[in-house]
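In mature numbering (1 follows the signal peptide of the UniProt record, and there is no 0), the protein residues as written are -22 to -1, 1 to 147.
Using N, Cα and C, we set each Cβ at its ideal position, and we do this for glycine too.
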């Protein structure tokens, strides 16, 4: 009986340790996109032309990243919710805006870039979306949105912006 008790204790201790390791691994995944958190002025890539302002914040127990974007050149604005989904081992973004666009993209951090993509089937074509966020050494983030209508053979840049931190007074 003592042997059975010892075996059961070892099994439960081992199970608890493996759960702790697994939880730490998942917790790390939830932080992969934290480089995007902040208040940003958004510029057309490699220019001094500001196109928008974006507030990126961590919400819901630091498990979700919320973006609130406002154009500085039009009335355009939108919001995204970004979350690591352990069930599919991918990041997901749900974007909605006042133009009527709804976008659901998914992917992962690859070599320092967050890359999320999807495939949209319309009456006319199959459209691929791919959006990359790249953390730069100068504390900026570059976001580039690509689209393809030929199954990824050729890509067109839809948006290319540099997120620069808002300077605090």
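For residue 20, the uninterrupted beta strand (DSSP E) segment begins and ends at 16 to 22. Residue 140 counts as buried, since no fewer than 16 other beta carbons sit within 10 angstroms of its beta carbon.
Straight-line measurement puts the Cα of residue 30 at about 7 Å from the Cα of residue 51. The alpha-carbon separation between residue 57 and residue 76 amounts to approximately 9 Å. Residue 71 sits away from residue 105, with the two beta carbons spaced by 9 Å or more. Restricting attention to alpha helix (DSSP H) runs no shorter than 4 residues, the stretch 106 to 137 encloses none.
Residue state for residue 72 is assigned as strand, using DSSP reduced to three classes.
Boundaries of the beta strand (DSSP E) around residue 59: 55 to 63. Residue 10: not part of any beta strand (DSSP E); DSSP gives it neither H nor E. For residue 140, DSSP records a beta bridge to 21, 120. If you compare the alpha carbons of 129, 82, 73, 13 with that of residue 113, the shortest gap goes to 13. According to the DSSP assignment, residue 30 belongs to the beta strand (DSSP E) that extends over 28 to 37.
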